[in-house]
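J.: Under my numbering, the first residue of the sequence shown is numbered 8, with each subsequent residue one higher. By construction, the Cβ of each residue, glycine as well, lies at the ideal position given by its N, Cα and C atoms.
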Amino acid sequence: MSYFVQLRTFVEVYRCGTITKAAANLGLSQPAATAHIQSIESLVGFALFERKARGVEPTAAAHDLALQVSTHLDAVEQKLASVRNRSNAVYGTLNIAGPAEYISHIAGAQFANLLQAGEVNLVVHIGNKDRIYQLLADGTAELAITASTPDPAVYDYQIIDSERLMLVANRFTGAQLSQQALSAEQLRLYPVVSYDPTLPLIRHYFNAVFNDNCQSPIAAICPDIRAIAGIVKAGIGYSVLPDYLCREAIKNAGLVQLGQPGPENFIYLVWRKGALKHPRVSYAKDILMAFANLNKYAAS
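As structure tokens, this is what we get:
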């Protein structure tokens, strides 16, 4: 007897954390999804989930089973999607999430390439890391672009781009700092402008370049890196920015690069496990990655 349908339900419940949501995703009734789980539990001889106030929690047996079967089920689903892609036109609306800064400066060309193929329409959702992953988790977005490493237990992903972190200041502050050896101790005398209170890019740069923490007073918090560049350029302290956002300002002397370039961050194209079984999502992912790889080849 084949248990493909029941295993597919098990994997969806495992990934969603609720039988109700998994059933909705698969077009099943909740009793049918529950029956599928019970069937697999009878087959393996172990309970797979414990019911909680909100959803279900996988047991050790569920973790082991998911590890054994999920990638194989995804591969079968992707093969079926590939056949559908070749035999049917791919139409519809694709929802994609990402940070405003990257989308406004870089991803516009990637999206234009997808739209020029003439098969899908786009709805673009803007947000920070937490919002981007929430949009993926609740199914609002089918694909996302993010600079944070995805959880491989929940998401599949590929590297679509990279960014180099740069320490920058306005011309006045830059002139002062350029006259002496740069260090974390020296920078603590100057205010910093950050994306949020945890100093994400700044902390990453300081750890990599100075092997130290940033102790500067925070002059401003602004959840838009483009606005951070403007605040620093206008005369407030310093910050750490992705190279694509400050390269032109450095060239035009609006900003001054301090010290050495920082670490490289990868930019990821992310989707929920199993999402590529939908032809539209698989098609869009392939187009976006092909365009990214073409740009890498042209730049090399």
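Just to confirm the assignment: which complete alpha helix (DSSP H) runs, minimum length 4, are found wholly within the segment 245–291?
T.: 250–258
J.: For Val-247, count the other beta carbons within 10 Å of its own beta carbon; 16 or more makes it buried, fewer makes it exposed. Which is it?
T.: buried
J.: How is Ser-185 classed by DSSP in three states: helix, strand or coil?
T.: coil
J.: Alpha carbons only, please: which of Ala-241, Ala-191, Val-200 and Leu-129 is nearest the one belonging to Phe-217?
T.: In terms of Cα proximity to Phe-217, the closest of Ala-241, Ala-191, Val-200 and Leu-129 is Ala-191.
J.: Measuring only the C-alpha atoms, how far is Asn-259 from Cys-229?
T.: 24 Å
J.: Would you kindly work out how many angstroms separate the C-alpha atoms of Leu-184 and Met-173, rounded to a whole number?
T.: 15 Å
J.: For the alpha helix (DSSP H) that contains His-132, what are its first and last residues?
T.: It is not in any alpha helix (DSSP H) - His-132 instead sits in the beta strand (DSSP E) that spans 128–133.
J.: Quick one: using the 10 Å Cβ neighbour count with 16 as the cut-off for buried, is Asp-325 buried or exposed?
T.: The shown model of the chain, from 8 to 307, leaves out residue 325, and the question about it has no answer.
J.: Which partner residues does Pro-65 have in the DSSP bridge list?
T.: Phe-56
J.: Under 7 Å Cβ to Cβ from Gly-62, same chain only, skipping five residues before and after it: list those, please.
T.: Contacts found: Gly-24 and Thr-25.
J.: What would DSSP say about Leu-80, mapped onto helix, strand or coil?
T.: helix
J.: In the DSSP assignment, find the beta strand (DSSP E) that holds Ala-154 and state where it starts and stops.
T.: No beta strand (DSSP E) holds Ala-154; DSSP gives it neither H nor E.
J.: Is the segment 140–156 touching the segment 272–287 in the sense that three or more CB pairs, one from each, lie closer than 8 Å?
T.: yes
J.: Would DSSP call Arg-195 helix, strand or coil?
T.: coil
J.: Do we get a CB-CB distance below 8 Å when we pair Ala-160 with the residues of chain D?
T.: Looking at the structure shown, chain D is missing, and only one protein chain is on hand.
J.: Please list the terminal residues of the continuous beta strand (DSSP E) segment that includes Tyr-162.
T.: 162–176
J.: Tell me the DSSP bridge mates of Ala-114?
T.: Looking at the DSSP assignment, Ala-114 forms no beta bridge with any residue, so it has no partner.
J.: Let me check one thing: in DSSP terms, what residues is Gly-105 bridge-paired to?
T.: Ile-133
J.: Taking 8 Å as the limit between beta carbons, can you name the residues of its chain near Asp-137, skipping five residues before and five after?
T.: The beta carbon of Asp-137 is closer than 8 Å to none in its chain, skipping five residues each way along the sequence.
J.: Mind checking Thr-177: buried by the 16 CB within 10 Å criterion, or exposed?
T.: With the sequence shown as reference, residue 177 is identified as Asn, and Thr is not the correct amino acid for it. Asn-177 is buried by the Cβ-count criterion.
J.: In angstroms with no decimal places, state the Cα-to-Cα distance between Leu-128 and Leu-101.
T.: Going by the sequence as given, residue 128 is Asn instead of Leu. Distance between the alpha carbons of Asn-128 and Leu-101 is about 6 Å.
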